[in-house]
Amino acid sequence: MSWGIELWDQFDNLEKHTQWGIDILEKYIKFVKERTEIELSYAKQLRNLAKKYQPKKNSKEEEEYRYTACKAFLSTLNEMNDYAGQHEVISENMTSHITVELARYVQELKQERKSYFHDGRKAQQHIEICWKQLESSKRRFERDCKEADRAQQYFEKMDADINVTKADVEKARQQAQVRHQMAEDSRADYSSILQKFNHEQHEYYHTHIPNIFQKIQEMEERRILRIGESMKTYAEVDRQVIPIIGKCLDEIVKAAESIDQKNDSQLVIEAYKSGFEPPGDIEFEDYTQPMKRTVSDNSLSNSRGEGKPELKFGGKSKGKLWPFIKKNKLMSLLTSPHQPPPPPPASALPTAVPNGPQSPKQQKEPLSHRFNEFMTSKPKIHCFRSLKRGLSLKLGAAPEDFSNLPPEQRRKKLQQKVDELNKEIQKEMDQRDAITKMKDVYLKNPQMGDPASLDHKLTEVSQNIDKLRLEAQKFEAWLAEVEGRLPARSDQARRQSGMYEAQNPTTVNNCAQDRESSPDGSYTEEQSQESEVKVLATDFDDEFDDEEPLPAIGTCKALYTFEGQNEGTISVVEGETLYVIEEDKGDGWTRIRRNEEEGYVPTSYVEVYLDKNAKGAKTYI
5 MSWGIELWDQ FDNLEKHTQW GIDILEKYIK FVKERTEIEL SYAKQLRNLA KKYQPKKNSK
65 EEEEYRYTAC KAFLSTLNEM NDYAGQHEVI SENMTSHITV ELARYVQELK QERKSYFHDG
125 RKAQQHIEIC WKQLESSKRR FERDCKEADR AQQYFEKMDA DINVTKADVE KARQQAQVRH
185 QMAEDSRADY SSILQKFNHE QHEYYHTHIP NIFQKIQEME ERRILRIGES MKTYAEVDRQ
245 VIPIIGKCLD EIVKAAESID QKNDSQLVIE AYKSGFEPPG DIEFEDYTQP MKRTVSDNSL
305 SNSRGEGKPE LKFGGKSKGK LWPFIKKNKL MSLLTSPHQP PPPPPASALP TAVPNGPQSP
365 KQQKEPLSHR FNEFMTSKPK IHCFRSLKRG LSLKLGAAPE DFSNLPPEQR RKKLQQKVDE
425 LNKEIQKEMD QRDAITKMKD VYLKNPQMGD PASLDHKLTE VSQNIDKLRL EAQKFEAWLA
485 EVEGRLPARS DQARRQSGMY EAQNPTTVNN CAQDRESSPD GSYTEEQSQE SEVKVLATDF
545 DDEFDDEEPL PAIGTCKALY TFEGQNEGTI SVVEGETLYV IEEDKGDGWT RIRRNEEEGY
605 VPTSYVEVYL DKNAKGAKTY I
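Following my numbering, the numbering of the sequence shown begins with 5 at its first residue and continues without gaps.
Take a look at the structure:
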């Protein structure tokens, strides 16, 4: 079966067929290329999906992933990343093994096909030229034969006519002989050209064209074989990643099987267990007795003149806070103002609306009223910086000993802190050992370095270790106190805490020193809430005495006169221009400065102009 023999006269059809074969190959290349793009897009979407549901670092979500169900989900997300990676491998292998190779092969195939059909057209042109020569010689031979026949007839006619002279007859005879000779020459030329054409035609149809068509047939068969091999490669690329994909799925199943509902339930207990005991029975209050009513154990209000307020719950120990009330929030209720800043004069600005809380040092309401408001609203908590500037005192950071937490949660936080400090100590000790070894090497080989150059670093590391050990001992003492190993905070723990504070004077430890913990983890007040606020305010004032004054961020013009009678406020006169050093934070007060005097005024009493570098100018009216 040969195209050169069977299809000797189908040159044009073979040319169309081979072009169609190349088109099919290019179509297959386009198909594989689009498949690789789909794989890449799918892998990218899988990675984005896995990334979307990954827990954020240092967030609450990260803490939730300690449960086995969440760990299994996290493992599933990681396996999905590996799963997406396998689809990327499919795309890369298909691109390198199929798309790129076939694209190169198509270019070579086009060049080869062009060369073969160029030779075929050249052979066609040659046989066509030979055919034209044969036709030309044939027509010339036919013409010469006809001319010789007419010359012969004319001679015979002249020879038979008696009236024609002998000279005319002789002339006609010579003319007939010349025509006969020309016919013979044309006949010989035609015969030679015919033989040559027959030879060329035989070579064309039996040698040249079969050879060319045979090469085209082999080229086409190679193309067909190559596209078949590419299809096998297409399947093999998919098959190679199936074991890894199966392994990813097996890992997902394994993660699902590792879910332990009992363990998760225990983790919930560890996360939220407060350590408090359930409240006892409420004592009966007898109103029939003709005596002054005493404060009941379940009451939260007390007379201001009776000294420090006393909080009781269910007949428990004196001063124990309710398990669902944080001390910071309770103190915030006791000291936070509950009146907005005064509105502008009605005659000047009838539509003015107050937009914030009152300045500090307002008259406190009864404790019972404050507690009721606490149950319906969330108090604002300002940062420590506001304490220095006369605003209402509110604690913004948890105490160092975590005494604001329930006993069980406090124990966990302290244990975590102790573990972190021990890791840091071990890290510093490893660094000290490494420096010591390096120093020994320098002593043995002075050319490698100066041993004395490491003394400073060694001393610094040793000091860091001592500091970390003191801090670890301090937290271990608090941990022992919470766990019940110590009946109360011992003198030794206090001395250790004092040593640490002597080395770190900037450490603020007021919350831990102003309260005591009972063995069961409850808290008792050392003094009244009001006196505690004053002590803390004094400590914070001492700490921030050396602070540099805040830079001015703009200017303001007083729209109305304001008499600053409360602590932290400043009096202004209508039309006065002052410097703004702190914007309104949503509480209705703006901090301003006049020479060295600083204080707060109601935002609605001034017109504020911020610098261009501070978000442009705003007007508060």
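Beta carbons: idealized from backbone N, C-alpha and C, even for Gly.
Quick check on the DSSP output: the beta strand (DSSP E) that includes residue i runs from which residue to which?
| i | result |
| --- | --- |
| residue 559 | 558–562 |
| residue 603 | 601–606 |
| residue 613 | 610–614 |
| residue 581 | 581–586 |
For residue i, which residues from the same chain have a beta carbon less than 6 Å from its beta carbon, with the 5 sequence-adjacent residues on both sides left out?
| i | result |
| --- | --- |
| residue 91 | 43, 46, 47 |
| residue 482 | 405, 418 |
| residue 256 | 80, 83 |
| residue 353 | The pLDDT assigned to residue 353 is 40, lower than 50, so where the model puts this residue is not dependable; a value taken from the coordinates is nonetheless given after this. Around residue 353: no qualifying Cβ. |
| residue 98 | 36, 40, 241 |
| residue 221 | 7 |
| residue 465 | 432, 435, 436 |
| residue 68 | 74 |
What's the call for residue i, buried or exposed, on a 16-neighbour Cβ count within 10 Å?
| i | result |
| --- | --- |
| residue 7 | buried |
| residue 488 | exposed |
| residue 104 | exposed |
| residue 35 | exposed |
| residue 182 | exposed |
| residue 212 | buried |
| residue 169 | exposed |
| residue 421 | buried |
| residue 272 | exposed |
| residue 57 | exposed |
| residue 440 | exposed |
| residue 141 | buried |
| residue 656 | Since the displayed the chain opens at 5 and closes at 625, residue 656 lies outside it and no answer follows. |
| residue 289 | exposed |
| residue 398 | Note that residue 398 scores a pLDDT of 40, beneath 50, so its modelled location is shaky; the value from the coordinates is reported in the next line. Answer is buried; the Cβ neighbour count reaches 16. |
| residue 590 | exposed |
| residue 608 | buried |
| residue 588 | buried |
| residue 407 | buried |
| residue 22 | buried |
| residue 124 | buried |
| residue 596 | buried |
| residue 133 | exposed |
| residue 572 | buried |
| residue 610 | buried |
Between which two residues does the alpha helix (DSSP H) holding residue i run?
| i | result |
| --- | --- |
| residue 124 | 104–164 |
| residue 173 | 170–207 |
| residue 40 | 15–56 |
| residue 596 | From DSSP, residue 596 is part of no alpha helix (DSSP H) but of the beta strand (DSSP E) over 593–598. |
| residue 446 | 411–448 |
| residue 255 | 213–261 |
| residue 77 | 72–98 |
Out of the options, which has the shortest C-alpha to C-alpha gap to residue i?
| i | options | result |
| --- | --- | --- |
| residue 145 | 190, 137, 153, 109 | 190 |
| residue 95 | 614, 239, 613 | 239 |
| residue 148 | 248, 9, 241, 185 | 185 |
| residue 18 | 409, 117, 561 | 117 |
| residue 559 | 568, 599, 572 | 599 |
| residue 475 | 569, 427, 440 | 427 |
| residue 136 | 198, 460, 69, 279 | 198 |
| residue 176 | 153, 195, 93 | 153 |
| residue 10 | 130, 218, 161, 72 | 218 |
| residue 562 | 569, 577, 459, 553 | 577 |
| residue 49 | 75, 16, 87 | 87 |
| residue 14 | 121, 143, 425, 449 | 121 |
| residue 574 | 603, 582, 126 | 603 |
| residue 486 | 415, 62, 449 | 415 |
Suppose the cutoff is 7 Å on Cβ atoms and the five residues either side in sequence are ignored; what does the same chain contact list for residue i look like?
| i | result |
| --- | --- |
| residue 606 | 345, 346, 566, 592, 593 |
| residue 25 | 224, 227 |
| residue 71 | 268, 271 |
| residue 480 | 422 |
| residue 613 | 558, 559, 560, 621 |
Might you give, ordered along the chain, the residues of its own chain that have their beta carbon closer than 8 Å to the beta carbon of residue i, omitting 5 neighbours on each side?
| i | result |
| --- | --- |
| residue 455 | 443, 446, 447 |
| residue 555 | 585 |
| residue 110 | 26, 29, 30, 33 |
| residue 12 | 209, 213, 214, 217 |
| residue 461 | 439 |
| residue 278 | 327, 410, 411, 412, 413 |
Should residue i be flagged as near chain D, meaning a C-beta pair shorter than 8 Å?
| i | result |
| --- | --- |
| residue 242 | This model lacks chain D altogether, as it is built from one protein chain only. |
Does the stretch 223–235 touch the stretch 21–38, meaning 3 or more C-beta pairs lie closer than 8 Å? yes
Three or more beta-carbon pairs under 8 Å between the stretch 150–162 and the stretch 203–219, yes or no? no
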